[in-house]
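Participant: Numbering (our numbering), first residue to last: 17 to 355.
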């Protein structure tokens with residue numbers, strides 16, 4: 017008879033250790049981490065995620081099982097050991113073997129252990145259903161179901177800064193971290209912070225620049241006057257406006273001048289870009305990217321490589337090279353932009 021009791025004690029100790037360790041293992045893995053692992057095809061994450069769909073039922077099953085096994089262990093040890101000895105045995109065995117050892121191990125191997133023992137938890141969910149399910153229902157009403165907590169932008173930037181300082185311990189290099197930090201801040205980067213001011217000499221008013229037919233043709237006086245201004249200017253871009261002063265197109269002067277130096281008289285339309293124009297001083301580079309994405313006028317999204325900030329007091333042009341310069345802060349240039 018004593019042999020059966022001692023065998024039962026050993027079984028209870030193993031189950032106590034399992035419940036204690038799995039309580040930590042299942043809930044030390046966030047739902048976001050599980051979704052990431054499943055997206056990478058990690059087979060061990062799927063059984064854990066299936067149990068976590070009803071996290072309160074999982075929690076209630078583990079706790080009811082752990083408490084029940086520990087109570088049974090105390091009763092069994094009391095039947096073969098007397099008084100203080102039974103108390104010391106159950107206390108130290110539960111603490112060391114049933115709590116410390118399994119939790120220490122499973123805290124380092126949560127994914128593999130929880131996945132391996134998931135079938136045992138499903139069995140206990142069936143056995144303890146009359147106790148665990150009502151408890152889970154009450155918890156769902158009181159606390160609600162578990163939801164995925166996504167990473168906040170500020171937390172992501174803080175994590176990247178931390179990893180940037182610990183390059184030797186992570187797969188992400190300093191350059192990658194700095195670039196990602198800068199890119200995460202494009203929703204705070206206003207168009208007024210980057211780009212170049214447009215000189216008044218680089219703003220040309222045309223009678224009609226809404227269509228290719230409205231551009232000055234080679235050989236006309238209007239064409240020659242414009243070409244002369246382009247030759248004398250050191251600026252990369254000119255802005256062509258209509259009679260009301262509204263910007264219509266931006267002219268790539270460098271590309272045009274290369275053709276002129278070869279003795280050609282090219283048409284202007286091939287060197288014009290329809291810019292994305294903003295007048296709001298709070299407009300960010302992210303707003304510009306959204307405008308490019310929403311552009312349905314071209315089969316090639318993003319062909320408009322020029323942004324304009326256009327107001328009565330200030331006019332700026334922002335190109336891809338300006339954005340790349342800003343992204344390179346902290347990489348090719350010493351000072352990183354403030355976040």
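Beta carbons are placed, not taken as given, at the ideal position from N, Cα and C, and that holds for glycine. Computed from a predicted model, the values in this text were never measured in an experiment.
Assuming the contact rule is C-beta atoms closer than 8 Å, residue 74 and residue 42 should be a hit. Round their C-beta distance to whole Å, please.
Facilitator: Contact flag correct, Cβ pair sits at about 6 Å.
Participant: Keeping to the same chain, check which residues put their C-beta closer than 6 Å to that of residue 105; ignore five residues upstream and five downstream.
Facilitator: Around residue 105: 93 and 97.
Participant: Quick check on DSSP: helix, strand or coil for residue 43?
Facilitator: Of the three classes helix, strand and coil, the one that applies to residue 43 here is helix, per DSSP.
Participant: Could you say which of 170, 62 and 150 lies nearest to residue 135 if we only look at CA atoms?
Facilitator: Answer by Cα proximity: 62.
Participant: Taking only runs that begin and end inside the segment 118-163, name each unbroken alpha helix (DSSP H) of 4 or more residues, in chain order.
Facilitator: Segments of the alpha helix (DSSP H) lying fully in the segment 118-163: 126-143 and 145-159.
Participant: Whole angstroms are fine: how far does the CA of residue 242 sit from the CA of residue 304?
Facilitator: Approximately 29 Å, taken between the alpha carbons.
Participant: Buried or exposed, going by whether 16 or more other CB atoms sit within 10 Å of the CB of residue 236?
Facilitator: Classification of residue 236: exposed, given that the 10 Å Cβ count is below 16.
Participant: If I measure Cβ to Cβ from residue 88 and keep anything under 7 Å in the same chain, skipping five residues before and after, which residues do I get?
Facilitator: Around residue 88: 28.
Participant: Tell me the DSSP secondary structure of residue 266 in three-state form.
Facilitator: In this structure, residue 266 counts as strand in the three-state DSSP scheme.
Participant: Where does residue 214 fall in DSSP's three states?
Facilitator: In this structure, residue 214 counts as coil in the three-state DSSP scheme.
Participant: Have a look at residue 255 and residue 274 and give me their C-alpha separation to the nearest angstrom.
Facilitator: Spanning the two alpha carbons is a distance of roughly 19 Å.
Participant: So, is residue 292 buried or exposed, given that buried needs 16 or more other C-beta atoms within 10 angstroms?
Facilitator: It is buried - the Cβ of residue 292 has at least 16 other Cβ atoms within 10 Å.
Participant: What runs of the alpha helix (DSSP H), each 4 residues or longer, lie entirely inside the segment 185-209?
Facilitator: Those alpha helix (DSSP H) runs which fall completely within the segment 185-209 and span 4+ residues are 190-200.
Participant: By Cβ distance, which residues of its chain are closer than 8 Å to residue 330, with the 5 residues on each side in sequence left out?
Facilitator: 208 and 213, listed in sequence order.
Participant: Which residues does DSSP pair with residue 325 in a beta bridge?
Facilitator: 294 and 332, per the DSSP bridge assignment.
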